[in-house]
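Going down the list, the sequences are from chains B and A.
Numbered by the numbering used here, the letters in the first sequence go through residues -6 to 107 in order.
Numbered by the numbering used here, the letters in the second sequence go through residues 6 to 115 in order.
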Amino acid sequence: DVKVTQSSRYLVKRTGEKVFLECVQDMDHENMFWYRQDPGLGLRLIYFSYDVKMKEKGDIPEGYSVSREKKERFSLILESASTNQTSMYLCASSPQGRNQETQYFGPGTRLLVL
Amino acid sequence: EDQVTQSPEALRLQEGESSSLNCSYTVSGLRGLFWYRQDPGKGPEFLFTLYSAGEEKEKERLKATLTKKESFLHITAPKPEDSATYLCAVQAGRDDKIIFGKGTRLHILP
């Protein structure tokens, strides 16, 4: 079974803090993704990566950055957390290269920024 | 503009009452359509991938179908444990972008 794990299920941070969300997948997938999910807005893509050290902006990259130093690990960084970044953050991975296939999701991190 | 629309937003059924969820899409160059199930506070769980019109896939009480404009997720004789949000996503366009619908919240009453 594909396994995608995220470092925290729940996280509480203060405005202005730097926040790291970690995601690890164990299936040697090339593609990894970070989404946020908000009521009424659905899933929105923040960043994705097709390979180690590669990253591409999704639909809402502002206020976020990512790092992919190893194939299995994809980190999402909130440089200076703000209250409007309170959300559920979901990491996903998929096999193959640019021809994206089925995405497998982690359990999510619910982030609250005070 | 590429779009994925799911209907209804929410659906309440009695246990055993069969129904269908709809996912309509307007995209150029569909490469695949995906169905996911999401339980509260958890990540989406993959159910099906459909690639071409006329294709059908089944898993237990769920059956997904695809036409050139929409997909249906048919639920036959549902049980309370089928209660969840069901998400549809399409992969399309020159950049193989994946677009998610907003989901249908399904509640099965015992």
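We treat Cβ as the ideally placed atom computed from N, Cα and C, and that holds for glycine.
Just so you know, these numbers come straight off a predicted model, no measurement behind them.
{"Query": "Contacting positions in the segment 38 to 57 of chain A - beta carbon closer than 8 Å to chain B", "Result": "39, 41, 46, 47, 48, 49, 50, 51, 54"}
{"Query": "Neighbour list for residue 97 of chain B in chain A, Cβ cutoff strictly below 8 Å", "Result": "51"}
{"Query": "Distance between residue 105 of chain A and residue 60 of chain B (C-alpha atoms, nearest Å)", "Result": "24 Å"}
{"Query": "Minimum Cβ-Cβ distance from residue 36 of chain B to chain A less than 8 Å", "Result": "yes"}
{"Query": "Under 7 Å from the C-beta of residue 83 of chain B: neighbouring residues of chain A", "Result": "48"}
{"Query": "Cutoff 8 Å; reference residue 11 of chain B; Cβ partners in own chain excluding five residues on either side", "Result": "70, 71, 72, 73, 74"}
{"Query": "Cross-chain neighbours of residue 105 of chain A in chain B, by beta carbon under 7 Å", "Result": "35, 36"}
{"Query": "Nearest to residue 91 of chain A (by Cα), restricted to the options A:21, A:45, A:19", "Result": "A:45"}
{"Query": "Contact with chain A by residue 100 of chain B, beta-carbon distance below 8 Å", "Result": "yes"}
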